[in-house]
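To start, the structure itself, in structure tokens.
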Amino acid sequence: MSSILIAIVLLATLAIIFGAILGFAAVRFKVEGNPIVDQIDHLLPQTQCGQCSYPGCKPYAEAIAAGEKINKCPPGGESTIIALADLLGVDPEPLDAEHGAENEGPMVALIREDECIGCTKCIQACPIDAIMGAAKQMHTVIADECTGCDLCVEPCPVDCIDMVPIETTVQNWHWDKPANLIATSKEAH
Amino acid sequence: MQPITLHSFDGGIHPQENKHQSTQTAIAPLPLPAQLVIPVGQHIGAPADVIVAVGDLVLKGQVIAQPKGFVSAAVHAPSSGKIVAIEQRELPHSSGLEGTCVIIDTDGQDQWLEDIANGSREISDYLEADNDVLVNRIRDCGITGMGGAGFPTSVKMAVKDKQIDTLIINAAECEPYITADDMLMRERAIAAMHGIQILMKLTSADNCLIGIEDNKPEAIKAMEDALHSVHGEHHITVVTVPTKYPSGGEKQLIKILTGKEVPSGGIPSAIGIVCQNVGTCEAIYRAVAEGKPLISRITTITGESVEQPQNVEVLIGTPVKHLLAFAGFKQEKSLFQKLLGSFNASSNSESESKPRLIMGGPMMGFTLSSDELPILKSSNCILAPSQKELPANDIASACIRCGLCTEACPADLLPQQLYWFSKAGELDKAEQHNIADCIECGACSYVCPSEIPLVQYYRHAKGAIKEERATQLKSDRSRVRFEARQDRLDREAAEKEAKRQARAATAEKAQAAKKAAALAQQKEAAEEAAKNGDPANPDSGPPDSGSAESKAPEPIDLEKLQKQLDAAQAGLKKSMDKIAELKAEAENSDDPAAPIENIEVFEKAVATRRDKVKLLAQQITEAKKLAPPVKKEITRDDIEKKLRAQQDRIDKTQQRFQLAQEQGSETLPALQKGLDKQMQKLKELEADLAQFDKAGA
Chain A
-13 MSSILIAIVL LATLAIIFGA ILGFAAVRFK VEGNPIVDQI DHLLPQTQCG
37 QCSYPGCKPY AEAIAAGEKI NKCPPGGEST IIALADLLGV DPEPLDAEHG
87 AENEGPMVAL IREDECIGCT KCIQACPIDA IMGAAKQMHT VIADECTGCD
137 LCVEPCPVDC IDMVPIETTV QNWHWDKPAN LIATSKEAH
Chain B
14 MQPITLHSFD GGIHPQENKH QSTQTAIAPL PLPAQLVIPV GQHIGAPADV
64 IVAVGDLVLK GQVIAQPKGF VSAAVHAPSS GKIVAIEQRE LPHSSGLEGT
114 CVIIDTDGQD QWLEDIANGS REISDYLEAD NDVLVNRIRD CGITGMGGAG
164 FPTSVKMAVK DKQIDTLIIN AAECEPYITA DDMLMRERAI AAMHGIQILM
214 KLTSADNCLI GIEDNKPEAI KAMEDALHSV HGEHHITVVT VPTKYPSGGE
264 KQLIKILTGK EVPSGGIPSA IGIVCQNVGT CEAIYRAVAE GKPLISRITT
314 ITGESVEQPQ NVEVLIGTPV KHLLAFAGFK QEKSLFQKLL GSFNASSNSE
364 SESKPRLIMG GPMMGFTLSS DELPILKSSN CILAPSQKEL PANDIASACI
414 RCGLCTEACP ADLLPQQLYW FSKAGELDKA EQHNIADCIE CGACSYVCPS
464 EIPLVQYYRH AKGAIKEERA TQLKSDRSRV RFEARQDRLD REAAEKEAKR
514 QARAATAEKA QAAKKAAALA QQKEAAEEAA KNGDPANPDS GPPDSGSAES
564 KAPEPIDLEK LQKQLDAAQA GLKKSMDKIA ELKAEAENSD DPAAPIENIE
614 VFEKAVATRR DKVKLLAQQI TEAKKLAPPV KKEITRDDIE KKLRAQQDRI
664 DKTQQRFQLA QEQGSETLPA LQKGLDKQMQ KLKELEADLA QFDKAGA
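And the structure:
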């Protein structure tokens, strides 16, 4: 009888000690913010285009963490969906066409500068401050910073902003994958 | 000099050398081509900025493009002539993309720039010259690595994050067919050795190892002879290394000569080593000692499709076509082209007319899409093979996991794993398997029995990883910018809100002050009313003086009461001060009981005094009710005094007015107004006086 009592007392003591340690650790090493949001945000393309209907990538990341679908990001496309599915342990879904189609390649905004009237509307629309200019002064896009989000095109009253594909140069070119041919497909030719 | 212990790297292959074909004749100067096509981006780094215009006449050695940024190199006119175009043209690059090219129609004079021709640019005492002078000269002369990659040499010399103890001269030339460095050493060993001396000085290295493969005995002899002829260079050693591909790889040669390994992802300078190609040394000597920029190089033209395989001194920008014509190129209608045509229908007609050309060697070179493309600073070989000699890649078979590629890999990687990862697009895993350390030597592809284009997969994967990195970097930057903008917007909104609140607060205060003023006015009015004996109705206006006049006067009583009231009020104030004092004392003292009693006493006194004050005030008001307000007698003198004063004031104003009029001052209308008012007052006073006189009469 006493041995049972000893065991109970011992276990209870251990439980209290470990409970105290855990409780202390929970307070002492508390993680600020939600780490999963940052991880999701890291996978999103950061175009800040708002095509997902959230005002930027971070808000969409927060929404995903709260249970929103992962297939609403056209700039990220399939690769982002797969990466998100990997991270969150869910099945990848095809891109939701409602939010737009996947871009063919990276784009960059280009202001036709002689047509610009200096209204600053595109500057206000740019989510990452990648347009330079002042009222009644010509504006221009910092091409290296532009994410190609498209948001400056619509507000322009004189339609002087074009989205142009980023050109491949010798500096940023890289080899294509070899054609996926194997010997057995020889006969097909 | 102690003998050098040679080491070895793992893997490597022994392909057929095919070097003897092109070493039979001396280096031949190539006849001047009619047109030169000079790309401004021949090196690693930013393309140079064109500084000439179409129509300009240029002399041999004149700068046509300035380096842009730190990692860049100048480009010079290889011969005299006229600039006929600056346009986008296809580059001799594996991408087949276009880049800016300067096109020069040569005039046949081949006239040097004057200060190069008359030797004023020569630095003869280069071993005593300042290092900066030498590096600047190397930069100005557009010297880039001539082994293949084309890295600007001045950058390599200028960046010194670590003490360099060994300079390694790469003269291994391990790739089959290529003999440009071999021939250069045979014929220009002295110049190359002087170039090495300059590099020794620039790097302040303790010793120098010249690595030459043992299949070039003439070159080794020439270099040793050159070394003997240069006195006092005991720390330079010519080292014969066994022939094995790719012993000419930078990291492999370092391993062979020193036994040290360049850390993964690092550069040789991390272990105190700098590596330079022997051709670059010769170019450096020419740049420093003769002042001549890099405008020509030795290129091997070889392969079974040319009649006279040989090495030629060729101007940068010379179209390959010109080179082929010189060496006697014969177009081969081969089985290869028929085959190629059979499984690549779209390029059928093209492939018949286009010669099969490789720039660089058979292992690491790339196929040229046309013979119009120019020779670059880094083009060490043009290979025109026959079909039999170098069969085109057949279609790859499936990987049989034989492991030959792993045995052949000189970088100790796992080519098979890398192949799977690259093929499946698992870039992160490829990265974990150190794909970045792949030197793309092609040894794995060479040994692959399934003829899988392994290197192509690695090149693709490396490029994709690089692109992904760049994208990630850009997206990180976008995130930072987005967050900064969001913060800014929030801050602006907060500032606006704060301003709005501040404005609201001031408005409220003003409102409150107004109300308080109104209230005070009411109170004042009420008090006045009370003083005038109408406490019940404070809102009734000023008391009627007529009613007060009818009451009996009691002036003495009132004065007395007033005095008493003042005294009582002074006493009250004194008592209250005392209470405050005592209270403060009580708070400070440790024993609060003592003064409290006193406080009580004083409070009682205050209460009685208050009552007294109240009583007195009441008495006064009552007395006032009875007492008539003292009416001051107005005499005629008073009015006359006022009148005179007013007259004086008007005079003064008029003077000021006249002054203002003369000066045309802006205050004129204001003065006019003031004068009118004063006149009005004067008239009133005159009227008063008249009334008084009338009454008096």
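Listed in order, the protein sequences are those of chains A and B. Going by the numbering used here, the residue at position 67 of the first sequence is 53; the numbering climbs one at a time, nothing skipped. Heads up, the numbering used here is the position in the second sequence plus 13, with the first residue counted as 1. For glycine and all other residues, C-beta sits at the position ideal for the given N, C-alpha and C.
Contact between residue 138 of chain A and residue 102 of chain A does not hold, since the beta-carbon distance rounds to 11 Å and is not under 8 Å. Residue 131 of chain B counts as exposed, since fewer than 16 other C-beta atoms from the protein chains shown sit within 10 angstroms of its C-beta. Scanning its chain for C-beta atoms nearer than 7 Å, with the 5 sequence neighbours on each side dropped, one finds around residue 427 of chain B the residues 419, 446, in chain order. In its chain, beyond the 5 residues on either side, 698, 701, 702, 705 have a beta carbon closer than 8 Å to the beta carbon of residue 652 of chain B. Put simply, the CB of residue 127 of chain A is far from chain B, with every gap to its CB atoms at 9 Å or more.
Listed along chain A, the residues sitting closer than 8 Å to residue 495 of chain B by beta-carbon distance are 32, 34, 42, 43, 44, 113, 114.
A direct Cα-to-Cα measurement between residue 396 of chain B and residue 453 of chain B gives close to 19 Å. Within the same chain, Cβ atoms closer than 8 Å to the Cβ of residue 85 of chain B are found at 56, 58, 59, 60, 61, 165, the five residues on either side in sequence being excluded. DSSP, reduced to helix, strand and coil, places residue 73 of chain B within a strand of the structure shown. For residue 19 of chain A, the number of other beta carbons within 10 angstroms of its own is below 16, and it is reported as exposed.
Per DSSP, the unbroken alpha helix (DSSP H) holding residue 208 of chain B starts and ends at 193 to 216.
Under the three-state reduction of DSSP, residue 20 of chain A is assigned to coil, being neither helix nor strand. In its chain, beyond the 5 residues on either side, 158, 287, 289 have a beta carbon closer than 8 Å to the beta carbon of residue 169 of chain B. Residue pairing by DSSP places residue 224 of chain B opposite B/183, B/252 in a beta bridge. It is roughly 5 Å from the alpha-carbon of residue 137 of chain B to the alpha-carbon of residue 302 of chain B.
Assigned with DSSP and collapsed to three states, residue 160 of chain A falls in coil, not helix or strand. For residue 155 of chain A, the nearest beta carbon of chain B is closer than 9 Å to its own beta carbon. With fewer than 16 neighbouring CB atoms inside 10 Å of its own CB, residue 15 of chain A falls in the exposed class. In the assembly as shown, residue 339 of chain B is a buried residue. Its beta-carbon has 16 or more other beta-carbons within 10 Å. When C-beta distances to chain A are compared with 9 Å, the residues of the region 438 to 459 of chain B below that value are 438, in chain order.
Residue environment for residue 527 of chain B: exposed (fewer than 16 other C-beta atoms within 10 angstroms of its C-beta). Apart from sequence neighbours up to five positions away, the residues of its chain that approach residue 589 of chain B with a beta-carbon distance below 7 Å are 619, ordered along the chain. Taken atom to atom, the span from the alpha-carbon of residue 662 of chain B to that of residue 513 of chain B is near 49 Å.
Nearest Cα to residue 121 of chain B within the set B/140, B/95, B/114: B/95. Secondary structure note for residue 13 of chain A: its alpha helix (DSSP H) is the uninterrupted segment -12 to 14. The beta-carbon separation of residue 26 of chain B and residue 421 of chain B, rounded to 5 Å, stays under the 8 Å limit for a contact. With respect to the 9 Å criterion, residue 471 of chain B and residue 431 of chain B are classified as neighbours on the basis of their beta carbons. Nearest CB-CB separation between residue 133 of chain A and chain B: below the 9 Å threshold. The shortest C-alpha to C-alpha distance from residue 477 of chain B to any of B/658, B/530, B/441 is the one to B/441.
Against residue 162 of chain A, the close residues of chain B are 473, in the order they occur along the chain (beta-carbon pairs closer than 7 Å). Residues of the same chain with a CB within less than 7 Å of the CB of residue 135 of chain A, apart from the 5 flanking positions on each side, are 33, 34, 35, 113 in chain order. Excluding sequence positions up to five before and after residue 398 of chain B, its CB lies within less than 8 Å of the CB of 316, 317, 318, 369, 371, 375, all in the same chain and listed in chain order.
By the CB criterion at 9 Å, residue 309 of chain B and residue 280 of chain B fall outside the cutoff. In the structure shown, residue 102 of chain B adopts extended strand secondary structure according to DSSP, grouped into three states. Rounded to the nearest whole angstrom, the C-alpha separation of residue 344 of chain B and residue 389 of chain B is 24 Å.
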